[in-house]
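*Asks:* In our numbering, the protein residues as written are 485 to 597. The following block contains the structure, expressed as structure tokens.
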């Protein structure tokens, strides 16, 4: 199973009320409507190991272009707006709602003349 398949499989798991797996994990107070806190954290860490950052955890620096992945399944270069207090990208996408993940742009190759 590759990382993408693992992330998708973990995302499909649901909380089972009264499950033995949930007894005493110490994170059960963070579970609920959005699923198991341990599974959500595993998904976040797997994604971040691949270089993607959840904007709910950390935002990019304002005015610096980054690669974003949005809820429509598209990757785009976006810049967090500098003139707002709210975390919107220049294209009008809201961080954490429309933009699900971001990562710094890779280094550009040196061009030899």
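Glycine included, every Cβ here is placed at the ideal spot set by N, Cα and C.
Measuring straight from C-alpha to C-alpha, what distance separates residue 584 and residue 526?
*Replies:* Approximately 16 Å, taken between the alpha carbons.
*Asks:* Between which two residues does the beta strand (DSSP E) containing residue 585 stretch?
*Replies:* That run of the beta strand (DSSP E) goes 583-588.
*Asks:* Could you give the C-beta distance for residue 566 and residue 546, rounded to a whole number, given that I count them as a contact under 8 Å?
*Replies:* At roughly 5 Å, the Cβ-Cβ gap stays under 8 Å, so residue 566 and residue 546 are in contact.
*Asks:* For residue 560 versus residue 552, is the C-beta spacing smaller than 7 Å?
*Replies:* Contact flag set, yes.
*Asks:* Buried or exposed: where does residue 564 fall if 16 or more other Cβ atoms within 10 Å of its Cβ makes it buried?
*Replies:* Under this definition residue 564 is a buried residue.
*Asks:* Between residue 429 and residue 571, how many whole angstroms is the CB-CB distance? I'm expecting something under 8 Å.
*Replies:* Missing from the structure shown is residue 429; the chain here goes from 485 to 597 and no further.
*Asks:* Quick one: what does DSSP say residue 488 is sitting in, helix, strand or coil?
*Replies:* Looking at residue 488 - three-state DSSP - the assignment turns out to be helix.
*Asks:* For the beta strand (DSSP E) that residue 553 lies in, which residues bound it at each end?
*Replies:* Its beta strand (DSSP E) spans residues 549-554.
*Asks:* Would you mind working out which of 522, 534, 577, 544 sits nearest residue 558, comparing C-alpha positions?
*Replies:* The shortest C-alpha separation from residue 558 is found at 577.
*Asks:* Name the residue from 548, 582, 549 whose alpha carbon lies nearest to the alpha carbon of residue 556.
*Replies:* For residue 556, the nearest C-alpha among the options comes from 582.
*Asks:* Comparing C-alpha positions only, which one of 534, 573, 523, 590 sits nearest to residue 544?
*Replies:* Among 534, 573, 523, 590, the Cα nearest to that of residue 544 belongs to 573.
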